[in-house]
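Protein chains: 4
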Amino acid sequence: MASGLEPVMSVAELRAFFVEAFPQALGTSGDETLVEEISSGRVLIRRKVSEVNLRPGGTISGPTMMALADHAMYAVILGHIGPVALAVTTNLNINFLRKPGLEDLMAEARLLKLGKRLAVGEVTIFNEGEEADPVAHVTSTYSIPPNR
Amino acid sequence: MASGLEPVMSVAELRAFFVEAFPQALGTSGDETLVEEISSGRVLIRRKVSEVNLRPGGTISGPTMMALADHAMYAVILGHIGPVALAVTTNLNINFLRKPGLEDLMAEARLLKLGKRLAVGEVTIFNEGEEADPVAHVTSTYSIPPNR
Amino acid sequence: MASGLEPVMSVAELRAFFVEAFPQALGTSGDETLVEEISSGRVLIRRKVSEVNLRPGGTISGPTMMALADHAMYAVILGHIGPVALAVTTNLNINFLRKPGLEDLMAEARLLKLGKRLAVGEVTIFNEGEEADPVAHVTSTYSIPPNR
Amino acid sequence: MASGLEPVMSVAELRAFFVEAFPQALGTSGDETLVEEISSGRVLIRRKVSEVNLRPGGTISGPTMMALADHAMYAVILGHIGPVALAVTTNLNINFLRKPGLEDLMAEARLLKLGKRLAVGEVTIFNEGEEADPVAHVTSTYSIPPNR
């Protein structure tokens, strides 16, 4: 993880930002994906799992995990530079490691680099309580707008 | 593209497979994503775009494009090995290239390798009629079950 | 491929640039890797193969192919923006597809995007004459210095 | 990291394997790259840096880091399944994070999954003593031969 990073947003501020910026990403009950923790260079996000995300073989869909990882990356970046809505993903690479169980998915994002123009991070996705056996691992790059 | 590949499913068979296997991936009108063409080592898929997929700045969401690319890869593999529902994505790498317009997105998937255990392909995503300026490029690997 | 791109360097100019900038990348005979063609958004590079690059099982080493792909990306970018030695690779993703034969390797690089800050391209590596069955496929991103 | 992994080779055994399998990967003095530690799901490797690996701007070359990461992945896999020389890289994705200094490079590889057919890991590359500010991050997949 990159050293010397300090969050500039609280969990409550991140949650409020996402409710306003992405109302459609939330479930009908308004709470499908939720920032749970933020600390130096890191956020933890919970994704409640429902039948909507299933695919054949009973596993959670890949796109659900990719969306979750992208969300976690966005949260860890904004959490350290402030609510710059126009930061955009330029690259996302995901390795699917094992079938997730049907419990909630946790996504832990860590910044590897937070530069002026590019931010790079990794996201580990795991079923709650099974951090040692992740279901997917992601690296991702965001481009940060020049005049923030 | 890998040489010597022949499709074993028609466009109609692929469409029927996806309607049965992924009813939830389709829109309320049952036609959000649709296989349009299949040929040697290649499929073309259309994604109708609606306001649900938007994010700040007016662009189509990254997760929408990742899901589309995954769908196209799955289609090109099944179209060449038959409806093996348990083929699973092991890796997906996406580069976002430019903001898509609000027209339908097309995804053209090409097989780079179709082995006994692994299939590798690339997917180019573009707005209809703007093939020369893609909005995203994806490479992806699927693991193919041993006893098909 | 990105549309509307015009080369600004010739094959001879690219070759001269690489001889000067990377003398150590060349073999003792000065000709291990050689730009062969440049056209709109594209270069073709030849890598002469010798026993130095072999690994167990008789295949060409992965690092040899990664270095070749990186070289080809660098060449296609410089060929379209001029000899900006400080453009740097930010991401490289390689899929190894099949064992190469012991003939020369060709690397064809194509620009997917040539932006002000980032260039993205893909590189297909194949044994001469076997373009339809590539041995490896690469996507890569370069960061372009702001004040060129 | 994947849980429950136990090394089956010692540092001395890994070093002996690489000397025998890849004599050409070593420097003229026989010691350019050296396994330093192995533990559950993890190896640490040192790459001595010399002028041969430099490129314009004074940084270590990207291909040197890619080769180092591939070497570290190979070592962590063999260290946990035994000396199966025919395990092959299928995918390698590298993000270059910052310019390395001219000190030795360390590569720490961790297994994310060690399956029967595929092994997935990540490699963090850093200058000795600067683990918190890595210069590159890699994820990679190896295919493991069926009849080992």
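Chains as they are written, first to last, in the numbering used here: chain A, 1 to 148; chain B, 149 to 296; chain C, 297 to 444; chain D, 445 to 592. Glycine included, every Cβ here is placed at the ideal spot set by N, Cα and C. This one's a predicted model, so the numbers in the text were calculated from it and none came from an experiment.
Going along the chain, which residues of its own chain have a beta-carbon closer than 6 Å to the beta-carbon of glycine 571 of chain D, five neighbours each way excluded?
The question names glycine, but residue 571 of chain D is asparagine in the sequence shown. The residues are Pro544, Gly545, Glu547.
Mind the definition here: the stretch 552–563 of chain D touches the stretch 482–489 of chain D only if three or more C-beta pairs lie below 8 Å; say whether that holds.
Flag = yes, the stretch 552–563 of chain D and the stretch 482–489 of chain D touch.
Would you call leucine 530 of chain D buried or exposed, if buried means 16 or more other Cβ atoms sit within 10 Å of its Cβ?
exposed
Quick check on alanine 371 of chain C: buried or exposed, where buried means 16 or more other Cβ atoms within 10 Å of its Cβ?
Buried, since its Cβ has 16 or more Cβ neighbours within 10 Å.
Apart from the five residues on each side of it in sequence, which residues of its chain come closer than 7 Å, Cβ to Cβ, to proline 134 of chain A?
Leu97, Thr124, Ile125, Phe126
Would asparagine 535 of chain D pass as an interface residue toward chain E - the criterion being a Cβ-Cβ separation below 7 Å?
Among the protein chains in the structure shown, which are A, B, C and D, there is no chain E.
Consider the Cβ of glycine 230 of chain B: report whether some Cβ of chain A lies at a distance smaller than 7 Å.
Taking a beta-carbon distance threshold of 7 Å, glycine 230 of chain B does not count as an interface residue toward chain A.
Hey, is histidine 71 of chain A close to the ligand PLP, as in C-beta under 6 Å from one of its heavy atoms?
Of ligands this structure carries none, so the ligand PLP is not represented either.
I'd like to know whether the C-beta atoms of threonine 437 of chain C and valine 416 of chain C end up nearer to each other than 7 Å.
yes
Top-ranked residue by Cα proximity to alanine 456 of chain D, from D/Leu536, D/Pro527, D/Ala446, D/Thr508:
D/Pro527
Which residues does DSSP list as the beta-bridge partners of tyrosine 222 of chain B?
In the DSSP output, where bridge partners are listed per residue, tyrosine 222 of chain B has none listed.
Would you list, in chain order, the members of the stretch 104–133 of chain A that have their beta-carbon closer than 9 Å to a beta-carbon of chain C?
Residues Arg117, Leu118, Val120.
Close-in-space but distant-in-sequence residues of the same chain around glutamate 36 of chain A (CB under 6 Å, 5 per side omitted)
Leu44, Arg46
Contact list for proline 359 of chain C against chain D, beta-carbon separation under 7 Å
Pro507, Met510, Ala511, Asp514
Once you ignore the five residues that flank arginine 597 of chain D on each side, which residues in its own chain have a CB closer than 6 Å to its CB?
The displayed coordinates of chain D run from 445 to 592. Any statement about residue 597 of chain D would go beyond what the structure contains.
What three-state label does DSSP hand glutamate 168 of chain B in the structure shown?
helix
Name, please, each residue of chain A whose Cβ falls closer than 9 Å to the Cβ of isoleucine 242 of chain B.
Met66, Thr89, Asn91, Leu92, Asn93, Ile94
Taking the straight line between their C-alpha atoms, what separation do you get for leucine 118 of chain A and lysine 492 of chain D?
29 Å
Can a CB atom of chain A be found closer than 7 Å to the CB of serine 447 of chain D?
yes
Measure from the alpha carbon of isoleucine 77 of chain A to the alpha carbon of each residue in A/Pro63, A/Gly62, A/Gly115, then state which is nearest.
A/Gly115
Give the residues of chain C in contact with serine 10 of chain A, contact being defined as C-beta atoms less than 7 Å apart.
Ordered by position in chain C, no residue passes the 7 Å Cβ test against serine 10 of chain A, which lies about 31 Å from the chain.
Buried versus exposed, by CB contacts within 10 Å (16 or more), serine 447 of chain D:
exposed
For glutamate 122 of chain A, count neighbouring C-beta atoms within 10 Å of its own C-beta (all shown protein chains included) and say buried if the count is 16 or more, exposed if not.
Result: buried.
When the cut-off is 7 Å and only beta carbons count, does glycine 27 of chain A lie next to chain B?
Below a pLDDT of 50, predicted positions are generally treated as unreliable, and glycine 27 of chain A, at 48, falls in that range; no measurement from the model is reported.
At least one CB of chain D closer than 7 Å to the CB of leucine 44 of chain A: is that the case?
no
Min CB distance glutamate 464 of chain D to chain C below 7 Å
No - not a single Cβ of chain C is within 7 Å of the one on glutamate 464 of chain D.
Helix, strand or coil: which one does DSSP assign to isoleucine 356 of chain C?
The answer is strand: DSSP assigns isoleucine 356 of chain C an E or B state.
Cα separation between proline 590 of chain D and glycine 79 of chain A?
Their backbone Cα atoms lie some 45 Å apart in a straight line.
Taking the alpha carbon of glycine 277 of chain B as the point to measure from, which residue in B/Ala255, B/Ile292, B/Ile229 has its own alpha carbon closest?
With distances taken between Cα atoms, glycine 277 of chain B lies closest to B/Ala255.
Taking leucine 97 of chain A as the query, report the chain D residues whose CB atoms sit under 7 Å from its CB, ordered along the chain.
Leu556, Lys557, Val564
Given a cut-off of 7 Å, decide if proline 63 of chain A and alanine 215 of chain B are closer than it, judged by their beta-carbon atoms.
Cβ distance < 7 Å, so alanine 215 of chain B and proline 63 of chain A count as in contact.
Quick check on DSSP: helix, strand or coil for leucine 259 of chain B?
strand
Taking only beta-carbon positions, decide if threonine 329 of chain C is within less than 7 Å of chain B.
Chain B contact via Cβ: absent.
Sequence-distant residues of the same chain with beta carbon closer than 6 Å to glycine 178 of chain B, five excluded per side
Its pLDDT being 41, under 50, glycine 178 of chain B is placed unreliably in this model, and the coordinates cannot settle the point.
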